[in-house]
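Single-structure report; data block below.
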Amino acid sequence: GAVVSQHPSWVICKSGTSVKIECRSLDFQATTMFWYRQFPKQSLMLMATSNEGSKATYEQGVEKDKFLINHASLTLSTLTVTSAHPEDSSFYICSARPQSGTGASYEQYFGPGTRLTVT
Amino acid sequence: GIQVEQSPPDLILQEGANSTLRCNFSDSVNNLQWFHQNPWGQLINLFYIPSGTKQNGRLSATTVATERYSLLYISSSQTTDSGVYFCAVAQAGTALIFGKGTTLSVSS
């Protein structure tokens, strides 16, 4: 249980184009999803938190107009990198937390990641 | 915000050796997770352990929440244990914040 998928697993795009990455919770509903970015040999850095049906909350230094996040349903969040540039090349990882209930756990489940290369 | 420190940053072992990885955090947390990142980048969830002790095969973890640290033990290490181990913590309702990781290299 608690599987999170991402699509695509890797993508190459040209500078100036936009790329959409999908994150799905396959066997649970997630009111909250998170997007992280990881540069080579570095740790994961939180980009934004998205709650189903509301606007995402972005971390300081993350451009909200460049990284558009939509969390339209309890099982799907999308990250769109608009007008991509080579410096946006990175490994993007999403995470989801199941809806809370009795005996709530705060455990987060991670997708396999999307490797973006902008040429 | 909450700070997460992992030590050591790098660890080199011979196959069969035991190791202990440490994670210190600066404030009380509701979530603490240990991950192993494989060569393809996928995070393998090792433990969800905001407090107490858990064991899974050759791996075990202990979190002492009152003293704000967690330990990950790897026994009888194998070459397939190589990779980066991350500790991540969160307070209620917030996202996991990751430490910088420990890079483990196990040689045969």
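Residue numbers (this note's numbering), protein chains in the order written: chain A, 929 to 1047; chain B, 225 to 332. Idealized CB from N, CA, C, for every residue including glycine.
The alpha carbon of Arg965(A) has as its nearest neighbour, out of Asn998(A), Arg952(A), Thr977(A) and Asp955(A), the alpha carbon of Thr977(A). In the three-state scheme derived from DSSP, where H, G and I count as helix and E and B as strand, Thr303(B) is classed as helix.
Residues of the segment 244-275 of chain B with a C-beta atom less than 8 Å from some C-beta of chain A are Asn254, Asn255, Gln257, Phe259, Trp264, Gly265, Gln266, Leu267, Asn269, Tyr272 and Pro274, listed in chain order. Straight-line measurement puts the Cα of Ala1000(A) at about 26 Å from the Cα of Ser1017(A). Nearest in C-alpha terms to Ser937(A), of all of Gly929(A), Ile949(A) and Leu954(A), is Ile949(A). In terms of CA proximity to Arg952(A), Thr1003(A) leads the group Asn979(A), Gly1041(A), Thr1003(A) and Val1009(A). For Asn269(B), same chain residues with a beta-carbon under 7 Å away, outside a window of 5 residues either side, are Gln257 and Phe259 in chain order. Look at Gly307(B): its C-beta is not under 8 Å from any C-beta on chain A. Leu283(B) is outside the set of residues whose beta carbon lies under 8 Å from a beta carbon in chain A. Taking 8 Å as the CB threshold, Lys324(B) lines the interface with chain A.
When secondary structure is reduced to three states using DSSP, Asp251(B) falls in the coil class, being assigned neither helix nor strand.
Only buried fits Thr1006(A), as 16 or more other CB atoms lie within 10 angstroms of its CB.
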